[in-house]
Amino acid sequence: MATVDLTLPHHRYPIHISPGLLSTLGNSVRDTAPHDRAALIIDDKITNTHGNTALNSLKAAGYNPLVTTMTAGEDHKNLKTVEALYHKLLDERLERKSPVVALGGGIVGDTGGFVAASYLRGVPFIQCPTTLLAMVDASVGGKVGVNMPQGKNLIGAFHQPVLVVIDTDTLKTLPKRDFICGLAECVKHGVIRDPELFDWIDANIQPILDQDSNALVELVERNVRIKAAVVMEDEKEAGVRAHLNFGHTFAHAIEAGTEYGRYLHGEAVSLGMIAAARLAATSGRCDTTVVDRLISLLEKTGLPTKANDLPATDKLMTIMQSDKKVADGRVRLVLPDALGAVSIVNDTPNDAVVKAWDSLRG
Ligand code: GLY
């Protein structure tokens, strides 16, 4: 088993990574958050598969779990779902020491995490991500929260888990399109911080796409190490944590501009990273080889590298201006300086951003 330790001034937790880990989840939870009760929140698509494995393991370790499911759509990641969960936990009299265990993708982790952050002013939280995207990004670093009608992730908290358990076997039952979407965040980590990871993904793309067990563990471990390092440097996103937004300001505009119905998050991030890299190259920040290498790798993963069905550029520009990452009315973009290094740029001229959008078409 690979373990990455995330250490902060006030808190420390292990992130365990291995095939088959869900069958011993109960023991890991008991070692970290011993109690007789626990709340297990499961993505309803995996209740009868991974959900059962996790539940049996918790019971075998002596827990009497409250089991609840949620549907993993953005339209369920809201305060209504949170309130329903509060009622269940209160009705069952779960206590301050009863851990909340979230089993599923980022939506279940973010929502379950927000419940854990606020129920009785905060209870131990355990992340069991079952999607690649949640394994390498959302489950690590303590960002939890829900959407509002006004926008995504507008209500939330930083509530670090006490334990993250990543069973890489769960990737084998994930729809292929969702798996490939997680690769966008892995490529992102390479671009922002780790050219060796970028090269490693490029060299190992076939075993990764074939979901070879060793390749999956190495992929997840390498990416978790990067995510954990960023969070250890800057837990509350005062600086380098914002580098994780590379490609995301463009991506959020694509997702919002298409009503979250056409592109999955990773697909929008793929297009967003290309737009950001082109913008960096045309404004002389980085060499065009960065763009070429990025597109070449994204093509190998199967992620989209161009799109003919994007909304009009002026609509995308308007959405971008209203992104919550806008500071003092200026769009903040994360742009590459080279493979493995990025900067936060506040003064990009609008016409350069327009050109970057237009370069994605056809
Ligand atoms: N997913 C971005 C972050 O954790 O900061």
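Residue 494 in my numbering sits at position 194 of the sequence shown; the count goes up by one each step and never skips.
Ideal Cβ positions, reconstructed from N, Cα and C, are used throughout, including at glycine.
Contact defined as beta carbons within less than 8 Å: I believe residue i pairs with residue j. What is the distance between those atoms, to the nearest angstrom?
{"i": "V367", "j": "I342", "result": "7 Å"}
{"i": "T369", "j": "D410", "result": "That belief does not hold up - the Cβ atoms of T369 and D410 are roughly 16 Å apart, past 8 Å."}
{"i": "E521", "j": "A302", "result": "4 Å"}
{"i": "V446", "j": "L379", "result": "6 Å"}
{"i": "L483", "j": "T601", "result": "4 Å"}
{"i": "Q427", "j": "H311", "result": "Actually they do not touch by this definition, with Cβ atoms about 14 Å apart."}
{"i": "G412", "j": "T431", "result": "Rounded, the Cβ-Cβ distance is 14 Å, inconsistent with contact."}
{"i": "A577", "j": "P649", "result": "About 17 Å; that fails the 8 Å criterion."}
{"i": "I554", "j": "L571", "result": "6 Å"}
{"i": "V415", "j": "V400", "result": "6 Å"}
{"i": "L598", "j": "V487", "result": "6 Å"}
{"i": "G557", "j": "K615", "result": "6 Å"}
{"i": "I317", "j": "I480", "result": "With a Cβ gap of about 20 Å, I317 and I480 do not count as contacting."}
{"i": "I644", "j": "V631", "result": "That pair is no contact at about 11 Å."}
{"i": "S398", "j": "V382", "result": "Actually they do not touch by this definition, with Cβ atoms about 17 Å apart."}
{"i": "A354", "j": "L394", "result": "17 Å between Cβ atoms; not a contact."}
{"i": "D623", "j": "H552", "result": "6 Å"}
{"i": "G456", "j": "V444", "result": "6 Å"}
Rounded to the nearest angstrom, what separates residue i and residue j at their Cα positions?
{"i": "S513", "j": "R525", "result": "18 Å"}
{"i": "V569", "j": "Y563", "result": "9 Å"}
{"i": "P309", "j": "F458", "result": "14 Å"}
{"i": "N453", "j": "A438", "result": "12 Å"}
{"i": "E392", "j": "N364", "result": "11 Å"}
{"i": "E567", "j": "V440", "result": "21 Å"}
{"i": "G539", "j": "A641", "result": "14 Å"}
{"i": "H350", "j": "E559", "result": "30 Å"}
{"i": "V517", "j": "T468", "result": "6 Å"}
{"i": "M435", "j": "I505", "result": "18 Å"}
{"i": "S596", "j": "K472", "result": "25 Å"}
{"i": "P334", "j": "N327", "result": "9 Å"}
{"i": "D510", "j": "Q621", "result": "40 Å"}
{"i": "I492", "j": "I315", "result": "22 Å"}
{"i": "W500", "j": "L594", "result": "13 Å"}
{"i": "A652", "j": "A338", "result": "52 Å"}
{"i": "D331", "j": "L322", "result": "15 Å"}
{"i": "R661", "j": "V408", "result": "34 Å"}
{"i": "N646", "j": "K536", "result": "20 Å"}
{"i": "I619", "j": "N545", "result": "16 Å"}
{"i": "A361", "j": "N352", "result": "14 Å"}
{"i": "W657", "j": "K377", "result": "29 Å"}
{"i": "P507", "j": "K476", "result": "14 Å"}
{"i": "V304", "j": "Y313", "result": "9 Å"}
{"i": "E496", "j": "F550", "result": "25 Å"}
{"i": "G451", "j": "A515", "result": "36 Å"}
{"i": "F498", "j": "G584", "result": "22 Å"}
{"i": "L639", "j": "D494", "result": "8 Å"}
{"i": "T582", "j": "V591", "result": "10 Å"}
{"i": "S418", "j": "Y386", "result": "9 Å"}
{"i": "P319", "j": "L474", "result": "14 Å"}
{"i": "D587", "j": "A575", "result": "14 Å"}
{"i": "L358", "j": "K388", "result": "19 Å"}
Using 6 Å as the cut-off, classify the Cβ of residue i as near or not near the heavy atoms of ligand 1, replying yes or no.
{"i": "R541", "result": "yes"}
{"i": "G662", "result": "no"}
{"i": "K443", "result": "yes"}
{"i": "D437", "result": "yes"}
{"i": "L544", "result": "yes"}
So who's on the other strand from residue i, going by DSSP bridges?
{"i": "V446", "result": "I455"}
{"i": "N364", "result": "R337"}
{"i": "M370", "result": "D343"}
{"i": "C428", "result": "L403"}
{"i": "V304", "result": "I315"}
{"i": "A638", "result": "A641"}
{"i": "I466", "result": "I317"}
{"i": "L633", "result": "V645"}
Shorter than 6 Å, the distance from the beta carbon of residue i to the closest heavy atom of ligand 3, or not?
{"i": "S622", "result": "Ligands present in the displayed structure are limited to ligand 1, and ligand 3 is not among them."}
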